[in-house]
Each structure stands twice: as structure tokens, then as C-alpha cells.
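Taking my numbering, the leading residue of the sequence shown gets -4, the next gets one more, and so forth.
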Amino acid sequence: YTTLFRSSISGRLNLVARLTRHLNADLSHNYSQTLLPSGSPSQESTLNLNYRPSDILVTRLLTSRSWADDAATRVDFRLDLALLRTYKTRLNFNYRHLHAEKDSDAFALIGGWDISQTFSLQSQARYLVDEENSWNFNVKLLMTL
-4 YTTLFRSSIS GRLNLVARLT RHLNADLSHN YSQTLLPSGS PSQESTLNLN YRPSDILVTR
56 LLTSRSWADD AATRVDFRLD LALLRTYKTR LNFNYRHLHA EKDSDAFALI GGWDISQTFS
116 LQSQARYLVD EENSWNFNVK LLMTL
């Protein structure tokens, strides 16, 4: 029998900066390649910006781009906005735009309420804009023992 050893090489460069008291930036670049004749390199760059002007308002902007020779270039843009964050409640709004072979947009409203130490209620409403638009609603009552 024959044994095939797969070797690969990968690396990651990560730069983190505090631009202002309320704004942080994180830039990273990943590179990986399989060391076989058929292996092609894979690369992805990501920029993450976090803006927190107060304890209850947080904005996160994430964009990433894949760099592949044999595949279509993909750009992923995300925006997360924490609308309300208290000791017992959370309300977040998320937006995502994916630019690939097919473009798509997704919106989400996510909420949580800690009713007591034992019970919590979590809910999500999602809307996907694609070739076929779709809605998704989810409500959970959780019990922690």
C-alpha cells in the first residue's frame, strides 16, 4: 500500500490598533497552501472596526475578502449594532452583504431577556434577500439548572 503525506504551509498577519478611545481596528491577512502539485494558495483579508461610544451602544463593522486564483472573489460585509444592552436585556441588529457568484443581503433582529437566574427568553427574526426571499423567526425559552 502507499501512504500519501499532505504537507501545507500557512501564516497569519494580525495588526491591532486603538484609533481613538472608542474606536478599535483589527486588520488580518491569512495565507495557506497545500504543498502538492495540485495545491493552490488561499488568501483572505479581514478588517474589523469596533466603535463603542457608550456602554449600551456598540457598532461593529466587519469586511473580509477572499483572494483565490481559481475561484470567484468573495467580499463579505457585516454590520452589527447593539441597540440596547442592560443587565437583563439585549437587542442587536445585524446586516450582512455577501458579494460572490450570487449577491445576497441578510437582516436580523436578535433579542434576549433574562427573566430570572433560571429562565431566559431569546428571540430572532431574520430576513434573507436572495433569489428567493425568506423569513425566519425563532423564540426560545431556556431554563438553566
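We put the beta carbon where it would ideally sit given N, CA and C, even for glycine.
Cβ-based neighbour list, residue i, same chain, cut-off 6 Å, excluding 5 preceding and 5 following
{"i": "residue 70", "result": "60, 94"}
{"i": "residue 134", "result": "118"}
{"i": "residue 54", "result": "46, 76"}
{"i": "residue 87", "result": "77, 105"}
{"i": "residue 85", "result": "107"}
{"i": "residue 74", "result": "56, 90"}
Those residues which DSSP pairs with residue i across a bridge
{"i": "residue 27", "result": "5, 37"}
{"i": "residue 14", "result": "Note: residue 14 sits in no beta bridge, so no partner."}
{"i": "residue 54", "result": "46, 76"}
{"i": "residue 128", "result": "Answer is none; residue 128 lacks a bridge partner."}
{"i": "residue 123", "result": "101, 129"}
Spatial neighbours of residue i in its chain, beta-carbon cut-off 7 Å, leaving aside the 5 residues before and after
{"i": "residue -3", "result": "At residue -3 the pLDDT is 48, less than 50, meaning the model places this residue with poor confidence; the figure from the coordinates comes in the next sentence. Answer for residue -3: no residue qualifies."}
{"i": "residue 83", "result": "108, 109"}
{"i": "residue 138", "result": "113, 114"}
{"i": "residue 92", "result": "72, 100"}
Environment of residue i [buried if 16+ CB atoms lie within 10 Å]
{"i": "residue 124", "result": "exposed"}
Neighbourhood of residue i by C-beta, 8 Å cutoff - its chain only, sequence neighbours within 5 removed
{"i": "residue 7", "result": "23, 24, 25, 26"}
{"i": "residue 140", "result": "113"}
Secondary structure, beta strand (DSSP E): runs of 3+ residues fully inside the segment 57 to 120
Counting only runs of 3 or more, we get 69 to 80, 84 to 94, 99 to 109.
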